[in-house]
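First up is the structure itself, then whatever we jot down about it.
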């Protein structure tokens with residue numbers, strides 16, 4: 055909902071959305087993306103028509119209270135059926151939709167449960183914006199195995215002391231951040247040490263992970279494993295995990311091994327495999 059109206063309109067058109075769900079208080083930019091005058095584009099991409107998707111505003115608390123009976127809906131979901139589309143800017147700055155099928159999504163979810171040992175007693179913090187692919191596993195992985203997901207408000211994510219307090223109070227066992235935010239976390243723990251005994255895995259993704267940051271992390275949190283994760287939105291998120299128990303002795307932080315059912319090839323500019 056915080057995206058600029060132009061970007062919202064472009065994404066809705068390119069994805070050919072048939073329905074848009076929102077909630078009260080989150081429709082300001084959506085309303086601006088939907089022009090009120092016929093024939094007005096209302097967005098930066100003048101080649102696109104105005105969004106034709108119906109806007110449905112839901113009262114989220116009422117929906118949550120209504121719930122469901124938990125029964126199987128009886129809707130077949132083939133492995134090659136589309137699971138989601140995330141729009142990435144890529145190298146051009148223009149939103150491009152990456153389409154991921156259920157097989158890829160499920161494989162990545164299971165890879166996370168295996169490599170991060172997510173199980174019935176696990177608590178995963180959902181810190182990422184739902185505009186990014188990492189939000190999928192953060193939200194769903196623990197629910198596959200009887201664990202729990204803690205939804206973290208953006209205000210808490212932006213306050214390092216609040217996020218550390220939440221991790222401690224909710225007994226979060228798995229947390230994911232980008233390296234620049236890890237630097238902020240480590241600095242806060244260096245200044246004000248505090249135990250985080252429940253935190254078993256801290257996953258880092260999205261940027262290159264510096265060796266000095268790895269060493270600093272294990273000094274302040276030696277009981278937690280650090281996972282350097284790497285992947286692309288187009289490949290169902292992370293394809294590689296390097297699970298570290300301590301700082302590497304040679305000072306090199308690698309991308310680790312491919313996750314389950316994934317092969318990684320190193321090629322040159324002509325896509326020829328290199329030695």
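Numbering (the working numbering), first residue to last: 55 to 329.
Even glycine gets a Cβ: it sits at the ideal position worked out from N, Cα and C.
Bear in mind the structure is a predicted one, so any value in this text is a computation, not a measurement.
Exercise. Given a cut-off of 8 Å, decide if residue 190 and residue 291 are closer than it, judged by their beta-carbon atoms.
Key: The Cβ atoms of residue 291 and residue 190 sit closer than 8 Å to each other.
Quiz prompt | Per DSSP, the bridge partner or partners of residue 282 | solution = 258 and 296
Quiz item: Can you list, in chain order, the residues of its chain whose CB lies under 6 Å from that of residue 301, leaving out five sequence neighbours each side?
Solution: 268, 269 and 272
Quiz item: On the three-state DSSP scale, how would you describe residue 227?
Solution: coil
Quiz item: So the alpha helix (DSSP H) residue 319 belongs to, where does it begin and stop?
Solution: Counting along the chain, residue 319 falls outside any alpha helix (DSSP H), and DSSP gives it neither H nor E.
Quiz item: If you pair each beta-carbon of the segment 161-177 with each one of the segment 136-150, do three or more pairs fall below 8 Å?
Solution: no
Quiz item: Helix, strand or coil: how does DSSP classify residue 248 here?
Solution: Here residue 248 carries a coil assignment [DSSP, helix/strand/coil].
Quiz item: What does residue 153 pair with, by DSSP beta-bridge criteria?
Solution: Looking at the DSSP output, residue 153 bridges to 139.
Self-check item: Buried versus exposed, by CB contacts within 10 Å (16 or more), residue 163
Solution: buried
Quiz item: Per DSSP, residue 311 forms a beta bridge with which residues?
Solution: Answer is 295, bridged to residue 311.
Quiz item: For residue 110, which option in 153, 156, 65 and 76 has the closest C-alpha, if you only look at C-alpha atoms?
Solution: 76
Quiz prompt | Residues sharing a beta bridge with residue 110, DSSP | solution = 75
Practice problem: Kindly indicate which three-state DSSP category residue 203 falls into: helix, strand or coil? | Solution: Look at residue 203 here: in three-state DSSP terms it is strand.
Practice problem: Could you tell me whether the segment 247-262 touches the segment 278-294, using the rule of 3 or more Cβ pairs below 8 Å? | Solution: yes
Quiz item: Do you know offhand how far residue 382's Cα is from residue 245's?
Solution: Because the chain is modelled from 55 through 329, residue 382 falls outside the range shown and cannot be assessed.
Exercise. May I have the straight-line CA-CA distance separating residue 101 from residue 185, to the nearest angstrom?
Key: Reliability fails at residue 101, whose pLDDT of 45 lies under 50, so the model's placement of it is uncertain and no value is given.
Quiz prompt | Local Cβ density within 10 Å of residue 67, reported as buried at 16 or more and exposed below that | solution = buried
Practice problem: Would you identify the three-state DSSP class for residue 180, choosing helix, strand or coil? | Solution: strand
Exercise. Take residue 240 as the anchor and find which of 83, 264 and 311 has the nearest alpha-carbon.
Key: 264
Quiz item: Among residues of its own chain, excluding the 5 on either side of residue 197, which ones have a beta-carbon nearer than 8 Å to its beta-carbon?
Solution: 203
Quiz item: Which value, in whole angstroms, describes the spacing of the CA atoms of residue 236 and residue 266?
Solution: 12 Å
Quiz item: Using a Cβ-Cβ cut-off of 6 Å (strictly less than) and excluding sequence neighbours within five positions of residue 308, which residues of its own chain qualify?
Solution: 296
Quiz prompt | DSSP state of residue 57 mapped onto helix, strand, coil | solution = coil
Exercise. Please go through the same chain and pick out, in chain order, the residues whose beta-carbon is closer than 6 Å to the beta-carbon of residue 315, but skip the five residues on each side of it.
Key: In the same chain as residue 315, and ignoring 5 residues on each side of it, the C-beta atoms closer than 6 Å to its own belong to 161, in chain order.
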